[in-house]
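Engineer: If you scroll down you'll find the structure; I have some questions about it.
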Amino acid sequence: MHSRPRPTTWLYLSPLHLLLLAILTLPSLYVFWLSLNESSYGTGLAWVGLENYRTVFADGYFWRAAINTFFVVNGVVYVELIIGLALATLFVSGVPLRSVMFACILMPYAISEVVAVLVWKMMMDPSVGAIARTIESMGLGMVNWSASPTVGLTLVGVINIWTHLPFTFLMIYAGLLAIDPALYEAAHIDGATRWQRFTRITLPLLVPTLLITLIFRLIFAFRMFTEVWLLTKGGPARMSEVLAVYLYQHGFRYGDFGIASATGWLMVLGSLLLASIFLIAMQRSMRGA
Amino acid sequence: MQNSFSPIERVVRSVFLALMLLWSVGPILFIVSSSFKRQVDIFVYPPKFVFAPTIDNYIKLLDQWQGFFKAMGNSLIVALGATVLAGIVSFLGGYAYSRYRSRLTSWTAVYMIAVRVLPPIVVTLPLFPVVNRLGLGDTHILLILLYATFWVSLNTMIMKNFFDQIPYELDEAAYVDGATEWQLVSRILARLTFQGMAAGSIFVFVYAWNEYLFAMIFTTNHAKTAPLILSELMGAVDGTEWGVLFAGVTLQLIPVVLLVTLARRYLIAGLSAGAVKG
């Protein structure tokens, strides 16, 4: 049962919307205004129209950052989804010492990105890192993530997966728990194999969960900053930048607010595009019912 | 469900589980164990699993890195502040969205989720000058506002779903007994939505305790948080100080690791209410 909103209803909603307005909405609208102007520290705004966007699109470093972001985000998210699905399926079908195992799998969720970078940096250090030296002693070559942007970004991806796998796992696990066990029993009686039960019952019913998890993770991975900044600072020679790092460099290092804002607004559009699928579905369910 | 696995399946499952445990816990054990090792033992290859533990690193941390403990205090203030603020705000919002519905409320709900997807770095650009003019730069209150804001959308959805599970008849009964709306919300419904509050609180606390980007941009001295100090030490320490850094990292991660592992029930409840259903 839902009532029509009363005047007091808006009072209950006002703290929420005041926060969002002051910290997210007005600043991001102002970023749009900034992106149409040229400005730096201590200078006024000078209207340039779409010039900043033109500059950004003509900048090789921007495209480098965009391509890096694309590959890291996609790599991370799909690997996470597959491992998360396998792990959640394993947990649902029963593991020994379930609650202890569960707690262990969740642990990286509690770890700061700063600490995650620190520990992986240590373990992958080409001269003293335990993992790097193991890889080397297996004859797979030296892991030099500070010299090669590809290796650096791969390590960024590994760190990102490490910190976010618990989230993906939890989401899928919660989705699996919501599937009616009676369906599996019925399928079992009908003689379906375990694989058939997984592909014909679990997967189709899990599609909404997987989709939401995917969108969540795409949006969050898209804003990735800390791992790259602390691991490679975007180097060598700005080759491993992602979009957030590109924005930071221009906004806070070079003091070029126009370029930074144009990048920021492009990131806003990208995020909204990713989220639109989710938002459309949500709007329907909020209005319907 | 049937759990009759063939021997091969059992082996595959065990190996996969063992690998995932090593992957999840290994790096954390590496940090914690290194913090109890002598300097010379930390980077020995192959790593030593048996060693004589020492608390020298912790003593040195206490002696020489006073700044770290101040930063831990700042992290605690900021994380608790953001948790309380986001808790109150999303409790009120969740109630309103659960009990009232119109075209306008549904659009504001969509807007609420839509702005949540904005990358945090985007708002730092315009906020930076404003914050300094308002005298909010390098303050706890600024970080509290920022951290709370980035969670109120999702937590409001979580709270809405918990409110939805409370039958509307309960509200009616309270009104019949002469309760005001505020009495109903603050006395009765608050107790019944505790699980949702707990779930939301964990999300905010963990995020605020660990956050780096905002802390780096908006604090310079007074309000510096622990992750920021650790990142600076990480860049600054020379070969002889690694053990001390690991001791600091261990102290920073223990409270949240305990929180997350002990309260995992609420995490599942919160995630399924906020995302899977919402």
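In the order they appear, the protein sequences are chains A and B. Each step along the first sequence adds one to the number in this note's numbering, with nothing skipped, and position 82 is 903. Each step along the second sequence adds one to the number in this note's numbering, with nothing skipped, and position 172 is 325. Backbone N, C-alpha and C fix where the C-beta goes; we use that ideal spot for every residue, glycine too. These numbers were taken from a predicted model, which means no experiment stands behind them.
Exposed or buried, what is residue 981 (chain A) when buried is set at 16 or more other beta-carbons lying within 10 Å of its beta-carbon?
Structural biologist: Residue 981 (chain A) sits at position 160 when you count from the first residue of the first sequence. Residue 981 (chain A) is buried by the Cβ-count criterion.
Engineer: Taking 8 Å as the CB-CB limit, is residue 246 (chain B) close to chain A?
Structural biologist: Looking up residue 246 (chain B) in the second sequence gives position 93. At least one C-beta of chain A is nearer than 8 Å to the C-beta of residue 246 (chain B).
Engineer: Starting from residue 859 (chain A), follow its DSSP beta bridges and name the residues at the other end.
Structural biologist: In the first sequence, counting from the first residue as 1, residue 859 (chain A) sits at position 38. Its beta-bridge partners are A:867.
Engineer: Applying the criterion that 16 or more other CB atoms from any shown protein chain within 10 Å of the CB defines a buried residue, is residue 1040 (chain A) buried or exposed?
Structural biologist: Sequence index remark: in the first sequence, residue 1040 (chain A) carries index 219 (1-based). Residue 1040 (chain A) should be labelled buried.
Engineer: Helix, strand or coil for residue 255 (chain B), going by three-state DSSP, please let me know.
Structural biologist: Sequence index remark: in the second sequence, residue 255 (chain B) carries index 102 (1-based). Residue 255 (chain B) falls in the coil class under three-state DSSP.
Engineer: Examine the Cβ distances between the segment 356 to 372 of chain B and the segment 293 to 305 of chain B and report whether three or more of them are shorter than 8 Å.
Structural biologist: By the Cβ test, the segment 356 to 372 of chain B is in contact with the segment 293 to 305 of chain B, since at least three Cβ pairs between them sit closer than 8 Å.
Engineer: Buried or exposed: where does residue 162 (chain B) fall if 16 or more other Cβ atoms within 10 Å of its Cβ makes it buried?
Structural biologist: By 1-based counting over the second sequence, the position of residue 162 (chain B) is 9. Exposed, by the Cβ-count rule.
Engineer: Tell me whether the beta-carbon of residue 314 (chain B) lies closer than 8 Å to the beta-carbon of residue 426 (chain B).
Structural biologist: Translated into positions along the second sequence, residue 314 (chain B) becomes position 161. Translated into positions along the second sequence, residue 426 (chain B) becomes position 273. In contact: residue 314 (chain B) and residue 426 (chain B) (Cβ atoms closer than 8 Å).
Engineer: Kindly confirm or deny that the segment 1007 to 1024 of chain A and the segment 915 to 925 of chain A touch, where touching means at least three C-beta pairs closer than 8 Å.
Structural biologist: no
Engineer: Quick one: give me the first and last residue of the alpha helix (DSSP H) that residue 956 (chain A) is part of.
Structural biologist: One-based indexing of the first sequence puts residue 956 (chain A) at position 135. Where residue 956 (chain A) is concerned, the enclosing alpha helix (DSSP H) stretches over 951 to 958.
Engineer: List the residues of chain B that residue 866 (chain A) touches, going by C-beta distances under 7 Å, in chain order.
Structural biologist: Here residue 866 (chain A) refers to the residue found at position 45 when the first sequence is read from its first residue. Per Cβ cutoff of 7 Å: no residues; residue 866 (chain A) is ~12 Å from chain B at best.
Engineer: Please list, in chain order, all residues of the same chain as residue 849 (chain A) whose beta carbon is under 7 Å from its beta carbon, the five residues on each side excluded.
Structural biologist: The count along the first sequence starts at 1 and reaches residue 849 (chain A) at position 28. Closer than 7 Å at Cβ, skipping near neighbours: 1089.
Engineer: Residue 261 (chain B) touches chain A at which residues, Cβ-Cβ below 8 Å?
Structural biologist: As a working note, residue 261 (chain B) is residue 108 in the second sequence. What residue 261 (chain B) touches in chain A: 834, 838.
Engineer: Beta-carbon within less than 8 Å of residue 877 (chain A)'s beta-carbon, same chain only, minus the 5 sequence neighbours each way: which residues are those?
Structural biologist: Residue mapping note: residue 877 (chain A) aligns to position 56 of the first sequence, counting from 1. Counting only Cβ-Cβ distances below 8 Å, and skipping sequence neighbours, we find 883, 1080, 1083, 1084, 1087.
Engineer: Check whether the segment 397 to 414 of chain B touches the segment 935 to 942 of chain A, counting contact only when three or more Cβ pairs, one atom from each stretch, lie closer than 8 Å.
Structural biologist: yes
Engineer: Kindly provide the ranges of any alpha helix (DSSP H) runs that are 4 or more residues long and lie completely inside the segment 952 to 1028 of chain A, ordered along the chain.
Structural biologist: The qualifying runs are 970 to 998, 1002 to 1010, 1015 to 1018.
Engineer: Taking only runs that begin and end inside the segment 355 to 380 of chain B, name each unbroken alpha helix (DSSP H) of 4 or more residues, in chain order.
Structural biologist: 366 to 371
Engineer: Check whether the Cβ atoms of residue 1023 (chain A) and residue 905 (chain A) lie closer than 8 Å to each other.
Structural biologist: Position 202 of the first sequence, counted from the start, is the residue given in the question as residue 1023 (chain A). Position 84 of the first sequence, counted from the start, is the residue given in the question as residue 905 (chain A). Going by beta carbons, residue 1023 (chain A) and residue 905 (chain A) fall outside the 8 Å limit.
Engineer: Using 8 Å as the cut-off, can you tell me whether the segment 966 to 980 of chain A makes contact with the segment 212 to 229 of chain B, which would need three or more C-beta pairs spanning the two stretches below that distance?
Structural biologist: no
Engineer: Which same chain residues end up closer than 7 Å to residue 258 (chain B) when comparing Cβ atoms and leaving out the 5 residues on each side of it in sequence?
Structural biologist: The count along the second sequence starts at 1 and reaches residue 258 (chain B) at position 105. Here the set comprises 250.
Engineer: Would a check of beta-carbon distances place residue 272 (chain B) closer than 8 Å to chain A?
Structural biologist: What you label residue 272 (chain B) is simply residue 119 of the second sequence in a count that begins at 1. Judged by the 8 Å Cβ criterion, residue 272 (chain B) is in contact with chain A.
Engineer: Would you say the segment 240 to 247 of chain B touches the segment 307 to 322 of chain B, given that touching needs at least three Cβ pairs under 8 Å?
Structural biologist: yes
Engineer: Nearest to residue 248 (chain B) by CA position, among A:1057, A:1014, A:837, A:1091, is which residue?
Structural biologist: As a working note, residue 248 (chain B) is residue 95 in the second sequence. Answer by Cα proximity: A:837.
Engineer: When you compare the CB of residue 1000 (chain A) with every CB in chain B, is at least one pair closer than 8 Å?
Structural biologist: Working through the first sequence from its first residue, we reach residue 1000 (chain A) at position 179. Chain B, which has no Cβ nearer than 8 Å to the Cβ of residue 1000 (chain A), makes this no.
Engineer: Compute the distance between the beta-carbons of residue 853 (chain A) and residue 366 (chain B), then report whether it is under 8 Å.
Structural biologist: Here residue 853 (chain A) is taken as the residue at index 32 of the first sequence, counted from 1. Here residue 366 (chain B) is taken as the residue at index 213 of the second sequence, counted from 1. No, they are not a contact pair.
Engineer: Are the beta-carbon atoms of residue 960 (chain A) and residue 967 (chain A) separated by less than 8 Å?
Structural biologist: Along the first sequence, one-based indexing puts residue 960 (chain A) at 139. Along the first sequence, one-based indexing puts residue 967 (chain A) at 146. No, Cβ-Cβ distance for residue 960 (chain A) and residue 967 (chain A) is not below 8 Å.
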